[in-house]
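Trainee: Using our numbering, the letters of the sequence shown correspond one by one to residues 719 to 1001.
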Amino acid sequence: MAVSDLDGGTAQMELPQGSRHDLRHDLTPDAPETESYSDEKGAFGYVHSYETGSRLDGPGVRLTLFVSGCPLRCQYCHNPDTWQLKHGLRISAEQAIKRLGHFAPALRAMGGGLTISGGEVLVQIAFTQRILRAAKSLELHTAIETSGFLGARATDEYLQHLDLVILDIKSGNPETYRHVTERDLAPTLQFAERLSSMNKPVWVRFTLVPGLTDDPANVEAVAKFVAPMKNVEWVEVLPFHQLGAFKWKALGHEYRLDNTPPAPPDLVARVIGQFRAAGCRAR
Ligand code: SF4
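This is the structure in structure tokens:
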């Protein structure tokens, strides 16, 4: 964590290079509430940070842009400092695109591209659409990582700018999903079905949290839902870790997973095995 992030020292109008693990706090205190935010033009947006050289967020080497705003409240969230727009930095789409253009030749050469993650990308739909459109005009591979909860907001035109959707299906059991995220599962499943009907490439992500999402029936429900979808290229099982715990404490949120251990290798193997047994390509 950079101390300057806490005291506002990075609160200049520059796209903040950093890491998903940096804590951002009150960089734009007068930003609107996420819940009431209407991003109609997208000339400006709220950004947590960006990373270069990521191999985690899609094929090849990628620039990953983390945007602010999320309507979910996942108990295991590693980035609660992305929930509110005010913790991000307000920058222009033009500036983000200019920075992307700087990296574009290297990203193309390394078979990578742009991934926009968050937070929830679809909170800032017009802002992210501008950046994705520009990325396509730079001939970059494009991806978003999303919970799908706001999938109904994504127009067909929006989806045309995407080569890949990384879709977090956080649980298969609706009650577990609500317990984990405080939101409903149905919009995510509807978005997954829409992407399937369009044959849009998807990587499904499932975060494995001991005692929270690891129930075999909960995993099985995701596996059975995803297995028939030919557009799903991978199911990725992400083992829970505690790297985000300090953010909850710094922001004054009650963190309920203090005593939850990281997902052990034998549990990860069991869950990957469940996905494979259902017919998914899982890793
Ligand atoms: S959807 Fe992502 S950013 Fe939002 S609360 Fe869940 S883990 Fe955190």
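Glycine included, C-beta positions come from ideal geometry on N, C-alpha and C.
According to DSSP, which residues form a beta bridge with W952?
Mentor: W921
Trainee: Could you please give me the residues that DSSP links to I884 through a beta bridge?
Mentor: As computed with DSSP, I884 is found in a beta bridge with E863, W921.
Trainee: Pick helix, strand or coil for S914, following the three-state DSSP scheme.
Mentor: Three-state result, S914: helix.
Trainee: Just curious, the alpha helix (DSSP H) that G819 is in, first and last residue?
Mentor: 811-827
Trainee: Give the range of the alpha helix (DSSP H) segment to which R988 is assigned.
Mentor: Unbroken alpha helix (DSSP H) run through R988: 983-995.
Trainee: So, helix, strand or coil for H897, using DSSP?
Mentor: helix
Trainee: Leaving out five residues before and five after L903 in sequence, what residues of the same chain have Cβ atoms less than 6 Å from its Cβ?
Mentor: P892, Y895
Trainee: Return the CA-CA distance between K967 and E938, expressed in angstroms with no decimal places.
Mentor: 33 Å
Trainee: Residues in the same chain with beta-carbon distance under 6 Å from I843, minus the five sequence neighbours each way, listed in chain order, please.
Mentor: D757, R871
Trainee: Residue range of the beta strand (DSSP E) that E769 falls in?
Mentor: 762-772
Trainee: Which runs of the alpha helix (DSSP H), 4 residues or longer, sit entirely within the segment 928-973?
Mentor: Counting only runs of 4+ residues, the alpha helix (DSSP H) found wholly inside the segment 928-973 occupies 934-944, 963-969, in chain order.
Trainee: Taking the alpha helix (DSSP H) that T846 belongs to, which residues open and close that run?
Mentor: 843-855
Trainee: Identify the residues that DSSP records as bridge partners of S835: which are they?
Mentor: F784
Trainee: Since D874 is in the alpha helix (DSSP H), which residue starts that stretch and which ends it?
Mentor: 874-878
Trainee: Assign T697 to one of two classes, buried (16 or more other C-beta atoms within 10 Å of its C-beta) or exposed (fewer than that).
Mentor: Nothing can be reported for residue 697, as the shown portion of the chain is limited to 719 through 1001.
Trainee: Quickly, what does DSSP pair R808 with across the bridge? List them, please.
Mentor: Y764
Trainee: Heavy atom of the ligand SF4 less than 6 Å from the Cβ of L790, yes or no?
Mentor: yes
Trainee: With a threshold of 6 Å, establish whether the CB of S737 neighbours any heavy atom of the ligand SF4.
Mentor: no
Trainee: I need the straight-line Cα distance from A861 to Y973, nearest angstrom please.
Mentor: 30 Å
Trainee: Rank G760, H859, D932 by C-alpha distance to the C-alpha of Q1047 and give the top, closest one.
Mentor: This structure gives no information on residue 1047, because the portion of the chain shown stretches from 719 to 1001.
Trainee: Hey, A996 and A941: beta-carbon distance below 7 Å or not?
Mentor: yes
Trainee: Going along the chain, which residues of its own chain have a beta-carbon closer than 8 Å to the beta-carbon of Q735, five neighbours each way excluded?
Mentor: S767, Y768, E769, T770
Trainee: Report the residue from F845, P747, G890, L880 whose alpha carbon sits nearest the alpha carbon of L926.
Mentor: G890
Trainee: With a Cβ-Cβ cutoff of 7 Å, do E900 and R808 count as a contact?
Mentor: no
Trainee: Determine the direct distance from the alpha carbon of L825 to that of K965, and round the result to whole angstroms.
Mentor: Going by the C-alpha atoms only, they are around 31 Å apart.
Trainee: Tell me whether Q735 sits in a helix, a strand or coil according to DSSP, three-state version.
Mentor: strand
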